[in-house]
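Take a look at the structure set out below.
2 protein chains.
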Amino acid sequence: MIELRPVVFVIGILLTILAVAMVIPAMVDIAVGHPDWQVFLVAAFVTLFVGVSMVLTTRTSLRRFTVRQAFLMTNLAWIVIAVFGALPFQFSELELNPVDAFFESMSGVTTTGSTIIVGLDFAAPGILLWRAILQWLGGIGIIVMAVAILPMLQIGGMQMFRVEAFDADKVLPRAAQIAGGIAIIYVFLTGMAVLVLWSLGMSGFDAVAHAMTAIATGGFSTYDASVGHFDNAGIDWAISVIMVLGSVPFVLYLRVVRGDLQTVFADTQVRWFLSIVFISVGLVALWLYYTDLMALPDALRYSTFNVISVMTGSGFATADFGRWGSFVVTIMFLLMFIGGCAGSTTCGIKIFRLQVLYATAEAQIHRLMQPSGVFFPYYNRKPIPDAVATSVMSFFFLFATCFALLAVALGLTGLDFVTAVSGAATAISNVGPGLGEIIGPAGNFATLPDSSKLLLCLGMLLGRLELFTVLILLAPAFWRG
Amino acid sequence: MIELRPVVFVIGILLTILAVAMVIPAMVDIAVGHPDWQVFLVAAFVTLFVGVSMVLTTRTSLRRFTVRQAFLMTNLAWIVIAVFGALPFQFSELELNPVDAFFESMSGVTTTGSTIIVGLDFAAPGILLWRAILQWLGGIGIIVMAVAILPMLQIGGMQMFRVEAFDADKVLPRAAQIAGGIAIIYVFLTGMAVLVLWSLGMSGFDAVAHAMTAIATGGFSTYDASVGHFDNAGIDWAISVIMVLGSVPFVLYLRVVRGDLQTVFADTQVRWFLSIVFISVGLVALWLYYTDLMALPDALRYSTFNVISVMTGSGFATADFGRWGSFVVTIMFLLMFIGGCAGSTTCGIKIFRLQVLYATAEAQIHRLMQPSGVFFPYYNRKPIPDAVATSVMSFFFLFATCFALLAVALGLTGLDFVTAVSGAATAISNVGPGLGEIIGPAGNFATLPDSSKLLLCLGMLLGRLELFTVLILLAPAFWRG
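So the sequences go chain by chain: F and B.
All the letters of the first sequence, read from the start, carry residue numbers 696 to 1176 under the numbering used here.
All the letters of the second sequence, read from the start, carry residue numbers 696 to 1176 under the numbering used here.
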C-alpha cells in the first residue's frame, strides 16, 4: 500500500494555487460587467475548499518522496487540476457538458490547444482569460516537472538533464533556486511578449492572452480564426519568435542571464532544433512559392509561423495549411511528432531524443562495418550512457505504440482515417489541431463523439507526462509495492 | 578500395539462374502460341551472356567474403536482378517504359506485389508466369539471405538467429545443408499449395501462379481483381493458410520434418505472430458484423484473408477494405508495418523485433519502479544481449525515419496525403497495395508519376534489405576502406 498523505498534500497546494488563479478572470468579468464572475468565484471557493482541506488533513513533517509516490503524485496532479480547471467551462454561460469541459481543461493544462468551443470571438473575457491562464500555468508546471521530477524518475532519458549536473557548472547551486529562477524568467518573457504584441497593435487583453499561450506553446487564441484573425505580419513574426523562445531549455536562460551566451549557442539540442525549423520552413516556403500559391515574402511569413506552430506543438494557425498541397500536409504531420527541446514547454518526442537515436543508429552502422571495433554514441560531446540510450529507445517505441493504439481506438469511435491518425498524433504530441476537414487548422473538435474526446484526453495526458509516468501505473508490480 | 571480384562472381551466378528461369515463360508462350516467347528467349540470352561473362572473368579461388564485400554484394544482387528481371516487361507486348518495367520487376523480386499493369486478365501467360517466378525466386532468396547473410552481418538484431545456434541443437550441421533443406521445403510447400488450389477449382496455370506468389507472401495475381476474381471461399481460406505458412521461420520446418513439433509451438515468435493475427482478424470481423456490412461467416472469411494478406505483406485482395470503414483502414495501415517472423518470406518490422522492443520497454518500466533493481529483457526464455537490443531499437528508429522521409519525398512528387503515407508504408514493408482511391486494394500504381515510382522502388529495396544493408553504403567510412 502506497502512503498517500504526501501526495494529497502536494495536490492540495496545487489546487490552492489554481483557486487563486480563478479569481483573476472573476475580476475581469466584474470589470466588464459579465455575470460569469459568479461562476469563477464559486469555482474558486470550491477549489480552495478542497485544496485547503487536502493540505490541512495531510500536513506532516516534510519528508522525501518515494519513487512510487512521485509517480502517483505526478499523474494525479495533472488529472485533478484538469478536473477542477473544467468547472468554469461547465458552469459559465458556455454551459459545456462535462466531457467537453474536461476536454477543454485538459487541452489547456497540457498546453495542447485543441478546442471544442465555437464562437470564441463572442465569448466573455473571463472564460478567454481562463483558457490562457490554464495553458500558462501548465507551461511553467511542465518546465518545473522536466527540471525537477522527470530527471529524478529517469523518464525516457531525462536523467541526462539532472539538476545535479548544474552543480558542477555552478550556475545556481540548489534546485529550489533553479525553479525560482526559471519562474522569474517565464514571467519576464511573458511580460516582454505582452509588450511586443501590444505595441504591434493587439488590444491589451489579446496581447496578454496570446503572450501567455505562445510562451507556453499552448495555442489557445481568443478568436476562432486564431492568430489569422489579426492578419498582421508583425504579429505573425513576433509570435513565431515567442514560440521558439518557449521551445528551448529554460535552464539555458539562467546561463544567458549570467552572460554565458556561448554555451547556449554551443548547445547541440538548440542547434538541432533551429536547424530542423530552418530546413522545414525553407522547404515549405519554397513549395508555396514554386506552386504559385504565394509570393516569396508571404510564403516565408506563413510557412515560418505555421511550421513553428505545429512543430513546437503550439497549434496557432494563420492559414489553413491543409489547402497548401499534400507535401505540406505530410511534412506538417511528421513535424507534429518532433516537438522542441527538453526542459521547455513543448511536448512530442523532443529534439534530444532524436539526437540520441541518431547517434545510436550511427554508432550501430559503424559497428556493422567493423564488428571488432568499439563505437560510442555521443551527445553534446559526451558519450551517451547505455542506460540513457535504452531509455530513449524504449520511449520511442512506446511513443509509436501508444500513437498506433490511440489511432486504432479513435478509428473504433467512428472517426475517418485522417482524423483518427492525425488526432492521435496531435493529442499525444500536445499540438492542437490535426489534419483534414474536421479537426484541421480550420476545424474544431466540437463535433467529435464523447468517446473520441475522452481518448484524446488520455492521449494528451500520456504525451504530456512522457508516457512512462502514466504507463507505469498499468504494471501490477507498481501496486504490489 | 573494395576488391569487387568475388561480388561480381556471385552476381554472375545469380544472373545465370535468372536466365534459366526466363526459359520457363518462353516455353509457356510457345505452348499457347504467343509471340512473346521470343522476348523471353532474347532476354534469357542477354542475361545468360552477362551472367556467364561475370562468372568467367572473376573466377578465383573461393575465399571468405569480407564484411564490406558482403554488404556490397547483397545490395548489388537485388538491384541487378531487378534490372534484368525487367527486360521481359519492357520488350513484351505490354511495352512498359523502363521505369514501369523496373518498378514491376523490383516489386516482384522484393515480394512486394504492387503492380502498374492494368489488364492482367488479358495478359499473355508468359508474362503472368514471369511475375510469379520473380516473386517465388525473391522469396527463397530472402529466406536464404535471412538465414545465412543477415545474421552474419548482425543486421537489426538478426544475430539472434545465427546458423551456429543450430549446431548446438544438431538439427542439421552445416549452413549449406540448412539452405538446401529450406529450399526443398520451399519447393514442397509450393507443390502442395498448387495441388490444393487446383483441387479447389483453379486452373492449373492459376494454381501454379498463385501458389508461387502466396508462399512468397508476394501478392502478384493473374487477375486485376486479385484473388477476389475467383469469389471462392475455399480458395480464400487456402491462400490464407499458405500466406501464414510463408510467414513463419523456415528453419522451424526443418524441426517439423524431424518430428519436433513441440519446439515449433513453443517458439514465442510464432505464438506472437498467430496471436496478433487472431486478435486483428477478430476485431475486423466483429466490426464487419456489427456495422451490418456482412454476415458472420463472410465477415470471418474476408477479414481473415485481408488481414493476413496485409500483415504478412502479401498484398492479395478479395475485397476493397477501403470501404469497410475508418477503423479497418486504420488497423490495416498499422498491420502493414508488422510483417511476419524472421527467416520467413515476409518483410516489415517483424515479430521478433516487436518482442525485443516490448521486453526492453517492460524491463525499463520495472527499472523505473526500482532504480536499484536489475532487470533483463528476455526473448524465448533467454536474456537479450545488450548488443541485440540496441541493434533492434536502432532498426526501429531507422524504420520510422525512412518511412517518414519517404512519405515526405512522395508528397513532394505530388501525391495526396493518404497515398503518400500509405505508399511509403506499403513500399518499405513490401506489402503491395496502399490505401485510398489511387493505390488502395482496388487501385493500381500505374498512374503515379515516374518520380514516385522510383522512390517506391528505393523504399522496397530499403525494406527488403532491412535498412542497414542499404544505409551503410551512405557512410563515407564504408568507401574509405
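Note that beta-carbon positions come from the ideal geometry of N, C-alpha and C, so glycine has one too.
Owing to the predicted nature of the structure, the values given are computational and were not obtained by experimental measurement.
Using only CA atoms, which one of the options lies nearest to residue i?
{"i": "F/T1025", "options": "B/D1111, B/I850 and B/L1063", "result": "B/D1111"}
{"i": "F/M1064", "options": "B/L1169, B/G1017 and B/T963", "result": "B/L1169"}
{"i": "B/F817", "options": "B/S1021, B/Y918 and B/F784", "result": "B/Y918"}
{"i": "B/A878", "options": "B/F1047, B/S1039 and B/L1052", "result": "B/S1039"}
{"i": "F/G655", "options": "F/I1133, F/L699, F/V741 and F/M768", "result": "A query on residue 655 of chain F cannot be resolved here, the shown segment of chain F reaching from 696 to 1176 and no further."}
{"i": "B/I837", "options": "B/F1173, B/W1174, B/G1158 and B/A1172", "result": "B/G1158"}
{"i": "B/I812", "options": "B/F915, B/L1150, B/A1084 and B/V1051", "result": "B/F915"}
{"i": "F/E1161", "options": "F/R857, F/L845 and F/G1035", "result": "F/L845"}
{"i": "F/Q854", "options": "B/T1085, B/P1066 and B/I1046", "result": "B/P1066"}
{"i": "F/S970", "options": "F/I1033, F/N927 and F/P1072", "result": "F/I1033"}
{"i": "F/T1041", "options": "F/K1148, F/S1009, F/F1047 and F/L1030", "result": "F/S1009"}
{"i": "B/V986", "options": "B/F973, B/V972, B/A1014 and B/V1023", "result": "Just to set this straight, residue 986 of chain B is Thr in the shown sequence, not Val. It is B/V1023."}
{"i": "B/Q849", "options": "B/I1167, B/L983, B/F1092 and B/A1104", "result": "B/I1167"}
{"i": "B/V946", "options": "B/Q872, B/F968 and B/R1175", "result": "B/Q872"}
{"i": "B/A819", "options": "B/F973, B/L789, B/W982 and B/F798", "result": "B/L789"}
{"i": "F/F760", "options": "F/V737, F/A906, F/R700 and F/G814", "result": "F/R700"}
{"i": "B/G944", "options": "B/W982, B/F1092 and B/K1045", "result": "As written in the sequence, residue 944 of chain B is Pro, which differs from the Gly given in the question. When only C-alpha atoms are compared, the closest one is B/K1045."}
{"i": "B/V1083", "options": "F/C1097, F/A1099, F/Q1059 and F/L832", "result": "F/Q1059"}
{"i": "B/F737", "options": "B/M717, B/K1148, B/L892 and B/S748", "result": "Before going further, note that residue 737 of chain B is Val rather than Phe in the sequence given. Ranking the options by Cα distance to B/V737, first place goes to B/M717."}
{"i": "F/L1153", "options": "F/I774, F/M847, F/V741 and F/F968", "result": "F/I774"}
{"i": "B/M907", "options": "B/S894, B/M887 and B/N792", "result": "B/M887"}
Could you name the residues that DSSP lists as bridge partners for residue i?
{"i": "B/P1078", "result": "B/Y1073"}
Take residue i and list the residues in its own chain whose beta-carbon comes closer than 6 angstroms to its own, dropping the five residues that flank it on each side.
{"i": "F/S787", "result": "D731, V734 and I822"}
{"i": "F/F1090", "result": "G851"}
{"i": "B/N1001", "result": "F1016"}
{"i": "F/L824", "result": "P720 and V723"}
{"i": "B/V702", "result": "Q764, L767 and M768"}
{"i": "B/V715", "result": "none"}
{"i": "B/A928", "result": "R996"}
Considering only residues of the same chain and omitting the five flanking positions on each side of residue i, which have a CB-CB separation below 7 angstroms?
{"i": "F/L709", "result": "A772 and I776"}
{"i": "F/M1155", "result": "M801, S802, T805, T807, A1122 and N1125"}
{"i": "F/L884", "result": "I910 and L940"}
{"i": "B/L829", "result": "G780, S800, G803 and V804"}
{"i": "B/A904", "result": "L823, L824, A827 and T917"}
{"i": "F/F900", "result": "P820"}
Under the assumption that residue i contacts residue j (Cβ atoms under 8 angstroms), give the Cβ distance between them as a whole number of angstroms.
{"i": "B/I930", "j": "B/G896", "result": "7 angstroms"}
{"i": "F/F704", "j": "F/V750", "result": "6 angstroms"}
{"i": "F/S1004", "j": "F/F1011", "result": "5 angstroms"}
{"i": "B/T1164", "j": "B/N770", "result": "6 angstroms"}
{"i": "F/Q957", "j": "F/C1036", "result": "With 8 angstroms as the limit, F/Q957 and F/C1036 do not qualify as a contact, their Cβ atoms being about 18 angstroms apart."}
{"i": "F/A1102", "j": "F/A1119", "result": "4 angstroms"}
{"i": "F/P1144", "j": "F/P1136", "result": "Not quite, the Cβ-Cβ distance comes to about 21 angstroms (not below 8 angstroms), so this is no contact."}
{"i": "B/F1070", "j": "B/R1062", "result": "5 angstroms"}
{"i": "B/A961", "j": "B/A980", "result": "Going by Cβ atoms, the distance from B/A961 to B/A980 rounds to 28 angstroms, so no, they are not a contact pair."}
{"i": "B/S942", "j": "B/V976", "result": "So it is not a contact: roughly 14 angstroms between Cβ atoms."}
Can you list, in chain order, the residues of its chain with a C-beta nearer than 8 angstroms to that of residue i? Leave out the 5 residues immediately preceding and following it.
{"i": "F/A874", "result": "V839, V842 and A843"}
{"i": "B/G1131", "result": "G1017, D1111, V1113, T1114, S1117 and G1138"}
{"i": "B/V952", "result": "G876 and I880"}
{"i": "F/A860", "result": "Any reading at F/A860 is ruled out, since the residue's pLDDT is 43, under 50, leaving its predicted position unreliable."}
{"i": "F/K865", "result": "Here F/K865 scores only 46 on pLDDT, less than 50, and its place in the model should not be relied on; the value that follows carries that caveat. Hits under 8 angstroms: none found."}
{"i": "F/T755", "result": "R700, P701 and F704"}
{"i": "B/G814", "result": "D919"}
Within 7 angstroms: the Cβ of residue i and any heavy atom of the ligand ZN?
{"i": "F/G728", "result": "The model depicted lacks the ligand ZN and carries no ligand whatsoever."}
**Prompt:** Would you call the segment 698-709 of chain B and the segment 777-797 of chain F in contact, with 3 or more CB pairs under 8 angstroms?
**Reply:** no
**Asked** Are the segment 1061-1081 of chain B and the segment 1041-1056 of chain F in contact at 8 angstroms, needing three or more beta carbon pairs?
**Response** no
**Residues, ordered as in the chain, of the segment 916-949 of chain B that lie near chain A by beta-carbon distance below 9 angstroms** = Going by chain labels, chain A is absent from the structure shown, which instead holds the protein chains F and B.
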